[in-house]
Amino acid sequence: MARKPTKKTDNSMLAGLIGFGATLLLYALIFSLHKPSDFLLGGGLSLLAGWIIKTMATPLKGLDKNAKSKEKLNVTVIEDDYARAMVEKGVEMLDAFKAARDRINESVFTRRLDELRQNLDKVLRNVIEQPEEARYLRKINSYYLPTTLKLLESYQSTKSQGASYLAVSQTRQSVLDMLDKLNEALARTLDTMLKNDLESMEIEIDVFDQMLKADGFAEDAAAAQMRQSAHAAAREIPISQAPAAKATPSTQSAPTAPTMQMPATASARQLQQGAPVLNVPDAPVAPDFTRELNEKQRN
């Protein structure tokens, strides 16, 4: 028979009830409870004290978004064995860093470790969507995360042995700096993965566009630009500069009439231009006075 899971006791509720009873008892010892108003005031103060104690008993409950990482990250959907192994290792690191955060219990470490787990969670989810990106997890899972976890455990061990704050302050700051660098490395890894996804989308869009053009569903941009340029140039060329149409082989030109050689006179030019010829007598030749004067001087 399957064993039923035991229900965990809500320690915060128990702490609240104890706080309520203790406050009410203390109020009754200090002040006498004779009037109904005394009971109401004592009960109200006890309820307030019990609620405050209950809230303080669960300071981190509900704040850990990745408390059940193995349930939220569904690694079973990954078909690639290598990618599945990388994601499973990353999920183990998520849980290990959560445990280290709770053991150290320092605000500066809690903030950095929460940021680390959030960045790692985003990287793992991207690998689940794109298993080919699992190559980025090889060095992270095999060196960076285990080394960081080992240093955190060593720091916690030294701290639990009673070492003074001054003795571990330098090591503490070095570990914090290392966490900052690791967070930056995870953020850059995620940016690289997203950039690769965008480039893959651009390649698929280009291939899709080329297939549309090859199948005649879209026109090439270069051909469309050339056609538009030709139409624009044709609209700008004057009609007088347009090339003459060539005669087709089936078209037969009419025989050309022989050209008549006409004298270069006004009548000839009028005849060539198609105007009617007027018979105008030629003007008389003007006398040459210079010649007559020269002859008189010789005589």
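Under our numbering, the letters of the sequence shown match residues -16 to 282, in that order.
For glycine and all other residues, C-beta sits at the position ideal for the given N, C-alpha and C.
Beta-carbon proximity check, M194 vs E116, cutoff 9 Å: no
S15 in three-state terms, based on DSSP: coil
Distance, V91 Cα to T59 Cα: 35 Å
Alpha-carbon spacing of D63 relative to R121, whole angstroms: 15 Å
Through-space distance from P114 to K51, alpha-carbon basis: With a pLDDT of only 44 at K51, under 50, the local geometry of the prediction cannot be trusted, and the value read off the model is given with reservation. If I take the Cα positions, the gap works out to 22 Å.
Start and end residues, alpha helix (DSSP H) containing E136: 128 to 143
Extent of the continuous alpha helix (DSSP H) run through L96: 90 to 112
L107 vs F80 beta-carbon contact at 9 Å: no
Run of the alpha helix (DSSP H) containing D64, from where it starts to where it stops: 64 to 87
Spatial distance of D174 from G27 (CA atoms): 54 Å
Reduced DSSP secondary structure (H/G/I, E/B, other) of L0: helix
Candidates T38, I13, D104: closest to L(-3) by CA position: T38
Reduced DSSP secondary structure (H/G/I, E/B, other) of N57: coil
Q156 to L134 span [Cα, whole Å]: 12 Å
Close-in-space but distant-in-sequence residues of the same chain around R281 (CB under 6 Å, 5 per side omitted): none
CA-to-CA distance, M76 to A146, given in whole angstroms: 27 Å
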